[in-house]
Amino acid sequence: MCGIVGYVGREDAAPFLIEGLRRLEYRGYDSAGIAVSTENGIVVRKSKGRLSALEEKIRGDHMISGNVGIGHTRWATHGEPSDVNAHPQPSASGRFVVVHNGVIDNYLELKNHLIRRGYEFASETDTEVIAHLIERYYNGDMVDALNKLQTRLKGSYSLGVLSADNPGQIAVIRKDSPLILGERGDEKMLASDIPAMLKFTRDFYELGEGEIAILSREGIAFYDSDKEALSKSTFHVDWDMDAAEKGGYEHFMIKEIMEQPRAISDTITPRLDGDKVLFGDFNLTAEDIAGFDKIYITACGSAYHAGIIGKYVIQSLTRKSVDVELASEFRYGDPIISEKTLVIVVSQSGETADSLAALRYAKAKGARVLGVVNVVGSSIAKEADVTLFTNAGPEIAVATTKAYSCQLIIFYLLAVYMAEKIGSVAETERRRLLEEIKALPGKVAKILENKDDVQRFAALHFNARDVFFIGRGMDYGAGLEGSLKLKEISYIHSEAYAAGELKHGTIALIERDSLVVAIAANRRLFDKLISNVMVVKARGACVCGVTWEGNKVIEESCDFALYVPETEDLFAPSLSVITLQLFSYYVASMRGADIDKPRNLAKSVTIE
Ligand code: M6R
415 MCGIVGYVGR EDAAPFLIEG LRRLEYRGYD SAGIAVSTEN GIVVRKSKGR LSALEEKIRG
475 DHMISGNVGI GHTRWATHGE PSDVNAHPQP SASGRFVVVH NGVIDNYLEL KNHLIRRGYE
535 FASETDTEVI AHLIERYYNG DMVDALNKLQ TRLKGSYSLG VLSADNPGQI AVIRKDSPLI
595 LGERGDEKML ASDIPAMLKF TRDFYELGEG EIAILSREGI AFYDSDKEAL SKSTFHVDWD
655 MDAAEKGGYE HFMIKEIMEQ PRAISDTITP RLDGDKVLFG DFNLTAEDIA GFDKIYITAC
715 GSAYHAGIIG KYVIQSLTRK SVDVELASEF RYGDPIISEK TLVIVVSQSG ETADSLAALR
775 YAKAKGARVL GVVNVVGSSI AKEADVTLFT NAGPEIAVAT TKAYSCQLII FYLLAVYMAE
835 KIGSVAETER RRLLEEIKAL PGKVAKILEN KDDVQRFAAL HFNARDVFFI GRGMDYGAGL
895 EGSLKLKEIS YIHSEAYAAG ELKHGTIALI ERDSLVVAIA ANRRLFDKLI SNVMVVKARG
955 ACVCGVTWEG NKVIEESCDF ALYVPETEDL FAPSLSVITL QLFSYYVASM RGADIDKPRN
1015 LAKSVTIE
C-alpha cells in the first residue's frame, strides 16, 4: 500500500525522506509528500505523480529546511490522486500533520461528526479525519491524544505525526499496518517497510499493535495503550535490497498471495456497518434494481473469471438475469443494451484497453456503468458512472491474486446489497451470508498457514505436461482462474473444463497419469463431480481433489486431497482459489520460472 518514512537527527531531513521514499517506490504509488518541522512551523510539500515531481517542487526551496520530518507515498483509496489528497495531511490549524497507511473504516461517521462541530475538510481522504481528531484531543500530551484517538478509529493504520508544539519529535502509533523504527547514534528513523531504512540500519524495533512511540534525538520512548513505558529489543535483518522489497519473500506473487487476508478484510470492512452493506456511492433503489432489464459483467483475464463467479452469486441471490462477456468480445456481440441495463466493468488496473472500450460502448448505448476497480484515479474508475474499489493495494506480480480475491468480495457484497434492497433473500439468510463473508479473511489465513500441503503436492507434479482443472458451477469458475494462473506463470499447458462437458470431447485427451485437479468445494454438486472424477480415474488420470475440511470421502475417489475450510457454497471459490494460486506458484517456482514477470505478459494491457 502506501509508504511512510520519518527522520529525526542533525541532518537536513528532506534528503533522508526522499531517499527513504524512493526505496518504497516498488510498492506502487500515485502521489508523494513530505513535512518538515522548521523555524517557521511545519512546512508541507506534496505532489501528484512520481517522486521526481516532488523533488522538482522542493529543489532550492529553503522553507523546507529542518532536522525532523515525515514523508509518504500514497496509493489512493479515498479520493483520487491529487496534490490535495496526497499526504501529509494537516489539521485545521496546521499545528499537526499526519502521514497514514491503512484504511479508516468508520471515517465517514467521524467526518460527519467533525463537520457537525464546525470542522472543514480540504481533502477527500480518511486521513484528514485523523489530523483533525488529534488536534481536538491534544491537551499538551501527545501520548494521551493518540491513545484517545485509537479509541475512536476503526480499521487499520500506522501513523507518523508532527506537532508544532513539539518540533523535535515524531509521534507514531499503529494497528494492523506495519511500522518499524531504527536508530543510528542520535538519529532516529521510522518506516512502513524495511527497504526504506536499509542504508540507515539493519537493526529494527517493531511497533506492536496499539503501541505508541515518540522519536527524538534523545531516544525512542515506547508506550502501551495504558501509557506504561515499554522496553523493546531490536531484530536484525541481513536481507539485500531485493529481498527487502519483497518483505523477505522470494517473489512478489507469493508476498501478494500471503497478503490476501488483509486485502480481503480491507475490502469488506469499509463496506459493512453492522449487518448492513454500505454502497452509499452506488445508491441503488429497489425500483432501480427491479427495473434493470439485464445485468452484464464484462472484463478480461482473471477479472473476467471473477465476473463468472459474480454472475452466479448475483443471479442466485437476486434472481436477476446476469450475463458475463469477455470485454474484448463485448461490443462485437451486438449486446442488447438500454438505459435500463446495468453493465459492471471489472479491472484491477482500470486501464485495460478492451475493458475500457466495453465501458465506452455500454455508456454510448445508455447503460448505467458500474466499475469494480483496484486503482483509484484510473481511466475505468473515472469513466464509470460509479466505481466500487477493491482495496487490494498495489499489485506488482503480473499474475493477479489479491486483486482477484477482492473482486470476488465486491461481487458477494453487491449481491447481498441488491438482494436486501429488493427483498429477494430472507433477512436471517442475508445476515448469515454476511457472517460468512466476514469469516473469509480468517479462513483464507488458515489455508495459507497450511500452504506446505500444497507445496508437497506441487513437488510431485511440477513436471506435468498438461493439467486439467474440472469443476461444476462455481467450482468450474474457480478452475478457470486456477488454470490461467498455472499456465501464465509455469508455462504448463492447462485447461479448465466444466466437469460435465468432458465426455463431449476433452476426455479424449485423458490418458494414464494425466493430472486432473477436481475442484469439489460445492456441496450441492459434489456427488455429480465425483461421478466425473471416476470417469477420468477409469482412464488412468491422477486426480487431486480440492474440497472442504472433513470431507474425507474425497480420499476414496482421488489420489490426493487438499482441504479448505468450510463455507457457504456461494463463497467457496474464495477459498479453493487460494489453494490453486499456491499450487501454480510452487509449480512455477520448482520449474525456475520468472514468476513475477512471465514471458510475453504485461501487468496492464493497454492495447486492444
Ligand atoms: O487490470 P485488469 O484486471 O483489467 O487486467 C485484466 C487481465 O489482463 C488480467 O487479469 C490478466 O489476465 C492477469 N495476468 C491474470 O493473472
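If you read the sequence shown in this note's numbering, its first letter stands for residue 415, the second for the next number, and so on.
Cβ coordinates follow ideal geometry from the N, Cα and C atoms, glycine included.
In this structure, the C-beta of Cys-820 stays at least 7 angstroms away from each heavy atom of the ligand M6R. For Cys-714, the shortest C-beta to heavy atom distance toward the ligand M6R is below 7 angstroms. When only Cα atoms are considered, Gly-622 and Gly-887 end up about 44 angstroms apart.
Its Cα nearest to that of Gly-447, the residue Pro-495 stands out among Glu-453, Pro-495, Gly-474 and Asn-481. Between the stretch 578-585 and the stretch 627-636, the count of C-beta pairs closer than 8 angstroms reaches three or more; the two stretches touch.
Here Glu-597 is buried, its C-beta having at least 16 other C-beta atoms within 10 Å. When DSSP states are grouped into helix, strand and coil, Thr-712 belongs to the strand group.
Counting only the Cα atoms, Asp-680 lies some 29 angstroms from Arg-531.
For Ala-717, the shortest C-beta to heavy atom distance toward the ligand M6R is below 7 angstroms. Here His-501 carries a coil assignment [DSSP, helix/strand/coil].
Secondary structure note for Tyr-571: its beta strand (DSSP E) is the uninterrupted segment 571-577. Ile-529 is classed as exposed because its beta carbon has fewer than 16 other beta carbons within 10 Å across all chains shown. When distances are taken from the beta-carbon of Leu-898 to the heavy atoms of the ligand M6R, the shortest one is below 7 angstroms. Not one heavy atom of the ligand M6R lies closer than 7 angstroms to the C-beta of Ala-490.
Proximity to Gly-474 across Arg-459, Ala-500 and Gly-463 peaks at Arg-459, based on C-alpha coordinates.
By the neighbour-count criterion, in which a residue is buried when 16 or more other Cβ atoms sit within 10 angstroms of its Cβ, Arg-733 is exposed.
Judged by DSSP secondary structure, Asp-656 falls within the alpha helix (DSSP H) whose first and last residues are 655-659. Between the stretch 894-910 and the stretch 994-1004 there are three or more C-beta pairs closer than 8 angstroms, enough to call the two in contact. Not one heavy atom of the ligand M6R falls within 7 angstroms of the beta-carbon of Val-790. Under DSSP, Glu-909 shares a beta bridge with Phe-882.
In this structure, Glu-895 sits near His-719, with a CB-CB distance shorter than 8 angstroms. Where Ile-758 is concerned, the enclosing beta strand (DSSP E) starts and stops at 755-761.
Here DSSP, grouped into helix, strand and coil, assigns Tyr-890 to helix. Its Cα nearest to that of Leu-929, the residue Glu-909 stands out among Glu-909, Ala-935, Lys-942 and Asp-707. Between the ligand M6R and Ser-761, a heavy atom-to-CB distance of less than 7 angstroms is present.
For Lys-917, there is no enclosing beta strand (DSSP E), as DSSP marks it with neither H nor E.
Note on the stretch 459-522: whole alpha helix (DSSP H) runs with a minimum of 4 residues are 465-472, in chain order. Each residue's CA atom was taken as its position, placing Glu-542 and Cys-956 some 56 angstroms apart.
Counting of Cβ neighbours within 10 angstroms places Met-477 among the exposed residues, the total staying below 16. In this structure, the straight-line span from the alpha carbon of Ala-428 to that of Asp-497 is close to 18 angstroms. Annotation for Met-1004: the continuous alpha helix (DSSP H) segment containing it runs 987-1004.
Between Ala-892 and Val-991, the C-beta spacing is below 8 angstroms. Measuring C-alpha to C-alpha distances from Arg-926 to each of Leu-916, Arg-953, Thr-920 and Ala-912 identifies Arg-953 as the nearest. Secondary structure at Thr-842: helix, using DSSP grouped into helix, strand and coil.
Annotation: Val-422 to Val-517 spans about 26 angstroms, alpha carbon to alpha carbon. Using a Cβ distance threshold of 8 angstroms, Tyr-619 and Val-557 do not count as a contacting pair.
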